[in-house]
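Colleague: Residue 611 in our numbering sits at position 629 of the sequence shown; the count goes up by one each step and never skips. Glycine included, C-beta positions come from ideal geometry on N, C-alpha and C. Owing to the predicted nature of the structure, the values given are computational and were not obtained by experimental measurement.
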Amino acid sequence: PLHVACASCHEACVLVLLLAGADKEAASETGATPLHVACDAGHEACVLVMLGAGANVEATSTGAITPLHIACQKGHAECARALLEAGAHRDARDRLQSTPLHTACTNGHAECARVLLEAGANKEAVMRHGVTPLLLACMHDHEACVSVLLEAGARADTAAPNEATPLWIACHNGYVGCARVLLAAGANNEAVNVAGITSLHVACLGGHVACAQVLLEAGVKVDARDENGATPLIFACLRGHEACAQMLLDFGANEEACQNDGATPLYVACSSGHAACARALLDAGASKDARMKSKNTPLYTASGHGHEECVRALLDVGANTEAADEDGFTPLLLACAQNHSACARLLLEAGANKDARTKTLMTPLGVACKEGHVECVHALLEAGADTGATEEHGGTPLFNACEQSDAACVRALLAAGANVEAASRKGTKPLYLASWLGNVECVHALLEAGAHKESVNGIGETPLFAACSKGHTPCARLLLAAGANKETPNMNGETPLYTAIWNNNAACAQALMEAGANVEAANRSGATPLHAACSQGHEALVQALLDAGASYTSDSMLGTPLAVARAKGHARIVTLLQNVEARSLADAAAAAAAAAAATVTAAAPPAAPVIACVLNFEELAFERDAYGHEQKEGDGASSAVCAGRWKGEHVAIKKLTLPADAIVTGDFWRTVQRHMQANHEHVVQVYGAALRPVLRDMGEVECYLVMDRLLANVNCALYGTAGTEGAVPRLRASFRALPQRMRLLQEVACGLRFLHAQGIVHGNLKPSNVMLDAEGRAKLTDIDVRALRTRDATEASEVDVGARGSPAYADPARAFEERASATPASDMYAWGVLAWEVLTARKPYDEGGDGCETGSTDSDEFTPLGGASLGMLRLTIDGERPHDLLARVHGVPRALRDLIQRCWSEEPGARPSAAEAVAVWEASVGPLAGA
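1) By DSSP, does Cys685 sit in helix, in strand, or in coil?
2) Could one say the Cβ of Gln722 lies closer than 7 Å to chain C's Cβ atoms, at least one of them?
3) Spatial neighbours of Leu347 within its chain, please: CB distance less than 8 Å, with the 5 preceding and 5 following residues excluded, ordered by chain position.
4) Under a three-way DSSP split, which group does Ser906 fall into?
5) So what does DSSP say about Thr481, is it helix, strand or coil?
6) Which runs of the alpha helix (DSSP H) at least 4 residues long sit entirely within the region 219 to 251? Give them in chain order.
7) Can you say whether Ser276 is buried or exposed, counting buried as having 16 or more other CB atoms within 10 angstroms of its CB?
8) Provide the residue(s) that pair with Lys761 in DSSP beta bridges, ordered along the chain.
9) Where Gln195 and Leu230 are concerned, what is the direct C-alpha to C-alpha distance, given to the nearest angstrom?
10) Assign Pro641 to one of three DSSP states: helix, strand, or coil.
11) Could you give the first and the last residue of the continuous beta strand (DSSP E) run that contains Pro82?
12) Let me check understanding here. Comparing Cα to Cα, which of Asn695, Ala694, Asp809 lies closest to Gly745?
13) Between the C-alpha atoms of Glu563 and Pro749, what's the straight-line distance to the nearest angstrom?
14) Taking Gly440 as the reference, give the member of Gly453, Ala433, Tyr414 with the closest Cα.
15) Would you call His513 buried or exposed, if buried means 16 or more other Cβ atoms sit within 10 Å of its Cβ?
16) Alpha carbons only, please: which of Ala694, Ala74, Arg207 is nearest the one belonging to Phe717?
17) Just to confirm the assignment: which complete beta strand (DSSP E) runs, minimum length 3, are found wholly within the region 60 to 140?
18) Comparing C-alpha positions only, which one of Lys6, Ala74, Leu446 sits nearest to Ala416?
19) Got a sec, what are the start and stop residues for the alpha helix (DSSP H) Trp818 sits in?
20) Should Gln655 be labelled buried (16 or more other beta-carbon atoms within 10 Å of its own) or exposed?
21) For His657, count neighbouring C-beta atoms within 10 Å of its own C-beta (all shown protein chains included) and say buried if the count is 16 or more, exposed if not.
22) For Arg870, tell me which candidate among Val623, Trp818, Gly135 has the shortest Cα-Cα distance.
23) Which first and last residues belong to the beta strand (DSSP E) in which Arg674 is found?
24) Check whether the Cβ atoms of Cys21 and Ala53 lie closer than 7 Å to each other.
25) In terms of residues, what are the limits of the alpha helix (DSSP H) holding Glu615?
26) With a CB to CB cut of under 6 Å and the five nearest residues on each side skipped, what residues in its chain are close to Ala431?
27) DSSP has Ala317 in a bridge; who is on the other side?
28) Classify His513 as helix, strand or coil using the three-state DSSP reduction.
29) Three-state secondary structure (DSSP) at Lys336?
30) Identify, in the order they occur along the chain, each residue of the same chain with its Cβ nearer than 6 Å to the Cβ of Val174, setting aside the five sequence neighbours on each side.
31) In terms of residues, what are the limits of the alpha helix (DSSP H) holding Ser621?
32) Determine, using beta carbons only, whether Pro49 and His18 come nearer to each other than 7 Å.
33) How close, in whole Å, do the beta carbons of Cys384 and Pro412 come, if the pair is a contact with beta carbons under 8 Å?
34) Taking His520 as the reference, which of Gly222, Ala812, Thr542, Ala482 has the closest Cα?
35) Under 7 Å, do Val250 and Cys219 count as touching if we go by C-beta distance?
36) When we look at the beta-carbon of Leu1 and count the other beta-carbons within 10 Å, is it buried (16 or more) or exposed?
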């Protein structure tokens, strides 16, 4: 309520509230006390009541503002006087370090300022940023406050931190009243700021004629210079204040006084485009051709900035049109360079040299074309400028226009008769340049004007080559449509197609191929476009070239495209080319397979099916381990079995390398078909094979047999030690039981019986080639195809041919027989050794061993004879057989032991057949379940 009463100027209410005990120091949200409010309202009676009640005259609101600050801000001089009489601090500071006197002068309250000064306020007090009350009064044009302060003895020349005095500030803002008062008080009219600028400078810069006149009448120096040497006249001309300039001239200002860089007032006026000032200076006798230190004249700068009226004013008094700068640019050259066509026309009308040259021999027309300023080009051509003038590099205006890709300039020059074949010193012609830069409009204009489309530059490149090199397809198509030769090579023998491919410009390459470009055209090193694509790693272009019939076998100094791609590390392109080779080989293989199928069909009974055995390699997917390597199920000396997928099914993929002859002759495919026809529950099912070429030796082929994927082999079941959980450990555990092992041998015998009945000999029976499914059932795999690995039978040694199979299981009767072939009897020999091993759980010929050290892995794949293997084979040839441990295996009937030993007979004819073995076995232990 007390705040409201003070704001409403109801002193009676204020008194009643105070008598009733109202808090006289209560503060509002902004910290204002009732006394602040009374001072703001300007009601002296309320202020006196509050003071009489003992209100705090130094109480501060937000911003450290006292009641005295408020009274001076609002101009309530009587309130201010009452506060001062009550003891208020006359120089109290707010947060900006402003005193009540600063506040009064800022707001123009001269009476408040007078009251404060009479109370002894500090007239030189400095607030934040170093500003005094007098400076503030001059900043805000409060002439009365200025007078009060000066009368009270304030220093007239107290400067701000930038050394600007009160007079300087008044003249800068055009406050002539303040300026007069200050000058009358003796202010220094020559005082300068930190940049050496006087009050007259800033008055002229702002166009404050009245201030300038007051200063001039006060005797200020008319030609005072700032730190750059500029006079007040230059300042007036810079801003185009003609009245100030004329006044200065009237007071005797030097019209030739130049600043430090040599610029005169006339130069500054022309540079800034102030024609009135320029005419005033010219009328006063200013030199029309005065030069700066850079040799530039007023006409030069006016032309360069496009100030048409200044140019006209200078030309009217006869300014030199040929005065050039240090680089030889005349006013006309500069006007054309800056695209000021109106100034160029004025200069041409005044007789300026239309073919003037710079130090680099550029003409106005050449400059205009280089910058693409078509209006200047028209003006110069109309004036008869030389279209054939050559520059330092030999280029003509037409060359420059093409370099700028400005079709309008090109057409204008051609219409004026410019030479369309004029070449630069390097032999580059306009059509080549336009094609290189890809401006189809320029190319079109030049072709219409008869430009020679087969002209070459200094290194033998045609315009079509240039367009294709840079990937400018529209230009390339335009040139092709005009009949450009698509096969013209450069000095290195590279055709447009080659360069388009090298630079990965697919659209240009497509345009050339559509036009019938030769995809086999080779450069001097024999490299074709396909070599280029492979070298640069442009996979899409490799495919496009192959689709267009490019040969992947073409050779160069760097080798074939495949060799180039491999050397550059472009793996995807290597794969692409490998697949192309594979498909090519597969086509030949398919024909051979068809022939093989016909042979098999002819030899088989009438009901024998014809089986399609060629698979697409791209349908095979190899499973990979955590390191990205193919997951192998088993390894051999010349083959590996990997886990994979085919048509979404889990399969095993056997990888082996064969001579290409085995594919072409059909031997391999006949073997695959026999495997596929061997459909039996104890023979692994084969689904076909895929091929890929061996890149290190094109005489070999990588073959991929796709078959059922099974759990483990007999070696793993008998000797494996890995893991304690899962299907494989359970399978090994089950093989500890003798009945399970006997059942396995019976199943192997059944599998052999089936194969022999089909006329198929296994030829490589051993533990690692007997696979087991999840139920432990035996399935024969890896029926011997290694005879196909020898390209020529005459290349094989006696041992190579005779010792097929693993030595421990090999028939000794075949050991050194010339061109020995596997027979059912040799299979039964191997079955006998296998039976001994399965029943005893020991490796044959391993004296005293337990089967877990020597030969207990899959390393018994076919290897060259030597070491332990050679010794083992000699033992069998000499009649040695596995140690007689069968008698120690309890539960093996005598008939079965006899059967096994008969399999080891030296005379093959004395060995039992697979059918006999099955019969004896069934008689001893019973038939297989489901048989």
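Modeller: Answer, in terms of the structure:
1) strand
2) No chain C appears in this structure, which consists of one protein chain only.
3) Cys318, Lys336, Asp337, Val359, Leu362, Leu363, Ala367, Asp368, Thr369, Ala371, Pro379
4) helix
5) helix
6) 224 to 232
7) exposed
8) Met753
9) 9 Å
10) strand
11) It is not in any beta strand (DSSP E) - Pro82 instead sits in the alpha helix (DSSP H) that spans 82 to 88.
12) Asp809
13) 37 Å
14) Tyr414
15) buried
16) Ala694
17) none
18) Leu446
19) 806 to 822
20) buried
21) buried
22) Trp818
23) 668 to 675
24) yes
25) No alpha helix (DSSP H) contains Glu615, which is instead part of the beta strand (DSSP E) from 614 to 617.
26) Leu396, Val402
27) None; Ala317 has no bridge partner.
28) helix
29) coil
30) Thr180
31) Ser621 -> not in any alpha helix (DSSP H); beta strand (DSSP E) instead, spanning 621 to 628.
32) yes
33) 5 Å
34) Ala482
35) yes
36) exposed
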